[in-house]
Every structure is written in C-alpha cells, then in structure tokens.
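A.B. asks: Take the sequence shown: its letter number 174 is residue 174 in full-length UniProt numbering, and every next letter is one higher. Let me begin by handing over the structure; questions about it come next.
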Amino acid sequence: MPEIVINARKAAIGPGLMVNRILPFRMRRMVGPFIFMDHAGPVRLSTEKGPAMDVLPHPHIGLSTVSYLFKGNVTHRDSLGVKQVIEPGEVNWMTAGKGIAHSERFEDPAVLAGGQLEMIQTWVALPEKDEESDPTFFNYQKDRLPVFEEKGLWMRQIAGEAYGLKSNVPTHSPLFYLHVELQKGYRLNVPDEYEERGLYIAKGSLELGSQVYKAGQLLVFGKFEQASVRALENCTIMLLGGEPVGERFIWWNFVSSRKERIEQAKDDWKQGRIVLPPDDKEAFIPLPEDKFRRKDPPPEALS
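Spelled out as structure tokens, the structure:
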C-alpha cells in the first residue's frame, strides 16, 4: 500500500492559469530528488484572455525545471539567450544552478481556444556539489527519448532509467521519470529499485489492492516496497522518484540546502543580479512579500 496519498490542490501561477499542485506537500515535501510538481490543463481560454496566462520572467536557483507537454505548445525564453518552443512529447530541461531567469509564454491562440494545452512541470533538486553550477538549458525532442509498448501499455522514459529503458537526458543524481499510458485492465509493477517512488494519476483511475485511486492523486511508496496497480479504465500516469539528495529549503522559485542561500537569492533578484532574458526583459515578476516566512511556495509561485 502507499506510504502516503497526496491529493492535488488548486494553485494560481498567474491571473489566467490555475494548476493542480502536487508537490511540495506539508507531510511529504520530496519524492527522491523531485521537490515540485504541477499539472496544468487541459486549458481552454478565449483568444483575448490568452496573454493573461503568460508567465513573465522569474528566477530560479538550486534546481532543474523539467517541462513536459501532453498537448499544445509553450515558448521558453531565458537569460542564456535561449528561445525554445516545446511541443508534446519533448522535454525542456533547464538547470538553474547559481541562478537563471526565464519566461513561459503561450503564443498560439488556437491552442488555448481549442483546449489544447496540458502540461506537467517538475523541479528536481540538485545535489549540493551542483547547486552553484553554471546554468544550462537543453531541449530533447521526442525521437531522442526511449519508448516501449506492448498490448495495453505504452511508456516514454523522460529521464533516468527504469524498466530497462534509459533516457538520453543527463541528470545530476539517480532518478527515473516516465509518461505511461495504460489501457483498461493492464497491470503494471511500480519500479522498486529506487528508495523513493511516486505514481501520479493524470487521467483515469486504477486499483491497488482493494483501494481505488483517481486522477489528481499521487501515490508515494516506501523504501523498496513492491506495488502492482491495475487500470480500471484507460489511464495516463507519471512515474517518478529516485535517491534522496538530502533536506532542501524551498521559497518561491528558490531551492537550496542552505537557508542563507535563499536569502541571498532574494536579494540578488531584487538588486537585478540575476539577468533577465535578453528578448523578454520589459516586465518581470517582482519578489513576493515575505511577511510570514512561509516554508512552502506562496500561491503565485511560478514554474
């Protein structure tokens, strides 16, 4: 049985975009190195409301952001000068290291009007030795990611290694991350070779033992615990986890093993020491008020 079941909560990441927030959760802040997980969409907005969804430039430190789309497209710009449109099945892997700023804009009105935007974004905490590394960005097209399929099952290895599949996406610590499609009745064993593992149901419902779990739930399994799930209908799930990297502090878009580094990042953003994207610098997200010293990201925390 799961060690804990996390129900997604609604969160706003901009005036026009509500998401299901899965991680962090007060009783389970991380699964392996994964410290943040949002599921957005399917999104349907009128053309005139589309620009309100844009996520203006904002900073990150101490993590890698991993963007994966089921449907639609998003334009990424960052302070390295990268401009990249991500399409379904691709991976945008941005490592913030010592500091980067980026924006995410929804520039295709037809996608929003047609309800054709759905994406998952996770953050992966960096090991201490990599927290102050130089920022990088890579896009991996779907033909570079391994896929396995058999009757009732299709899976894509987004990052890491599991089920005999190994992704080409470089990672900083041992982990796995997969997009899996199950047909009704298929039984799948959850990988058990990692210390911490999670299964997020993006669509559908499944059975574990005598319990039924539904879309919007993250099932977290204990150390090396074996688990087998059966799809009660056609399901889309995300499997993720890996080896722990140690305690991390998270505030807004900043992650670090040291509280004082979070404070430095706040000042760096206020003082303009984290550079804005060169072709997206007319406006940006200011540092939120820090009245209550929250441990979790405030509701407007950005991806």
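For glycine and all other residues, C-beta sits at the position ideal for the given N, C-alpha and C.
Between the C-alpha atoms of T236 and G198, what's the straight-line distance to the nearest angstrom?
C.D. replies: As a working mapping, residue 236 is identified with position 236 in the sequence shown. As a working mapping, residue 198 is identified with position 198 in the sequence shown. Rounded to whole angstroms, T236 to G198 spans 14 angstroms at the Cα level.
A.B. asks: Please say whether V255 and A162 have beta carbons closer to each other than 8 angstroms?
C.D. replies: Translated into positions along the sequence shown, residue 162 becomes position 162. Translated into positions along the sequence shown, residue 255 becomes position 255. No, the pair does not count as a contact, with Cβ atoms beyond the cut-off.
A.B. asks: Using CA atoms only, rank isn't needed, just tell me which of E207, K214, E243, L206 is closest to D192.
C.D. replies: Here the question's residue 192 lines up with position 192 in the sequence shown. Here the closest residue by C-alpha is E243.
A.B. asks: I believe G241 touches F176 by the beta-carbon criterion, under 8 angstroms. Please report the beta-carbon distance rounded to the nearest angstrom.
C.D. replies: Residue 241 sits at position 241 when you count from the first residue of the sequence shown. Residue 176 sits at position 176 when you count from the first residue of the sequence shown. With a Cβ gap of about 6 angstroms, G241 and F176 count as contacting.
A.B. asks: Contact between the segment 93 to 106 and the segment 262 to 278: three or more CB pairs below 8 angstroms?
C.D. replies: yes
A.B. asks: Roughly how many angstroms lie between the CA atoms of D279 and M37, to the nearest whole one?
C.D. replies: By 1-based counting over the sequence shown, the position of residue 279 is 279. By 1-based counting over the sequence shown, the position of residue 37 is 37. Their Cα atoms are separated by approximately 28 angstroms.
A.B. asks: Can G185 and A231 be called in contact, C-beta distance under 8 angstroms?
C.D. replies: Here residue 185 refers to the residue found at position 185 when the sequence shown is read from its first residue. Here residue 231 refers to the residue found at position 231 when the sequence shown is read from its first residue. Their beta carbons are under 8 angstroms apart, which means G185 touches A231 by this criterion.
A.B. asks: Identify whether E131 lies in helix, strand or coil by the three-state DSSP scheme.
C.D. replies: Translated into the one-based positions of the sequence shown, residue 131 becomes position 131. Looking at E131 - three-state DSSP - the assignment turns out to be coil, as it is neither helix nor strand.
A.B. asks: How many angstroms separate the CA atom of F292 from the CA atom of W251?
C.D. replies: The residue given as residue 292 occupies position 292 in the sequence shown. The residue given as residue 251 occupies position 251 in the sequence shown. Residue confidence for F292 is low, a pLDDT of 41 falling below 50, so the modelled location carries little weight; the figure read from the coordinates is stated next. Distance between the alpha carbons of F292 and W251: 11 angstroms.
A.B. asks: Should F224 be labelled buried (16 or more other beta-carbon atoms within 10 Å of its own) or exposed?
C.D. replies: Here residue 224 is taken as the residue at index 224 of the sequence shown, counted from 1. Burial call: exposed.
A.B. asks: Compare the Cα-Cα distances from A283 to each of E90, V55, Q211, V43 and report the closest residue.
C.D. replies: Stepping through the sequence shown from its first residue, residue 283 is reached at position 283. The shortest C-alpha to C-alpha distance from A283 to any of E90, V55, Q211, V43 is the one to V55.
A.B. asks: Put D143 into one of helix, strand or coil per three-state DSSP.
C.D. replies: Locating residue 143 in the sequence shown gives position 143, counting from the first residue. Residue state, collapsed to three classes: helix.
A.B. asks: Which whole-angstrom value is the C-beta distance of Q217 and I35, which I expect to be below 8 angstroms?
C.D. replies: Translated into positions along the sequence shown, residue 217 becomes position 217. Translated into positions along the sequence shown, residue 35 becomes position 35. 19 angstroms between Cβ atoms; not a contact.
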